[in-house]
Amino acid sequence: MKTNPRLKEKYKKEALPQLQKEFGITNSLAAPRITKIVVNMGVGFALKDKESMAQAKNDLAIVTGQLPSVRQARVSVASFSIREGMPVGLKTTLRGNRMYDFLDKIISIVLPRLRDFRGMSYKSFDKSGNYSFGIHEHIVFPEIDLAKSGAKGMEITIVTNTNDLDKSKKLLELMGMPFEKGENIR
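With our numbering as the guide, the letters of the sequence shown map in order to residues 2 to 187.
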């Protein structure tokens, strides 16, 4: 028996009706929603140690629930000892139930575990209504064993279907994203 993720149910029952009412949207398919979450991890450190690349790939797969793809360098950079085609990053694109499960984990478990966390900044929205933020140490995820892997950073981008910053902001607020108090989007 499959159940819907908790955050997906919250969107359908609480956020969607409120978004439709606030922005005067009659068709529920036209309402703002999250379409995907992209998780990136740079693995430049893996150039010298192949084991750390395998560990980083495993860690990202455990955290997201999906096997990441290896991203190669597009250009050579001599000062970083990187040649075109060398593996420099890992990327995972989450959609559907995995996306909602991952976002729920971020909001309810990971962000509260960050040291000196005072809320997410409104300044991280781009012109397209997408929200990006970074986590300096991926060891804040409960699935990661600190003894086996060192701290690695990751970037998370929440992609929405709207180009309106106000709608994107309201959507993430209703989903439970803890934004800084007293800060404004503009």
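The C-beta atom is built at its ideal place from N, Cα and C for all residues, glycine as well.
Everything numeric in this text was worked out from a predicted model, so none of it was measured.
For this session: In angstroms with no decimal places, state the Cα-to-Cα distance between N24 and E15.
Result: Before going on, a small fix: residue 24 reads as Phe here, not Asn. Taking the straight line joining both Cα atoms gives about 15 Å.
Problem set entry | Q21 in three-state terms, based on DSSP | helix
Exercise. How about M155 and I136: are their beta carbons less than 7 Å apart?
Worked result: yes
Exercise. Taking L166 as the reference, which of G45, D102 and D127 has the closest Cα?
Worked result: D127
Exercise. What does I157 pair with, by DSSP beta-bridge criteria?
Worked result: V40 and F134
Exercise. Does DSSP put V76 in a helix, in a strand, or in coil?
Worked result: coil
Exercise. Just the Cα atoms here: how many angstroms apart are M70 and K22?
Worked result: In the sequence as displayed, the identity of residue 70 is Ser instead of Met. One C-alpha to the other measures close to 40 Å.
Exercise. Helix, strand or coil for P113 per DSSP?
Worked result: helix
For this session: Using the Cα positions of A57 and V89, report the straight-line distance between them to the nearest angstrom.
Result: 12 Å
For this session: Kindly indicate which residue of R72, R7 and T94 has the alpha-carbon position closest to the one of G86.
Result: R72
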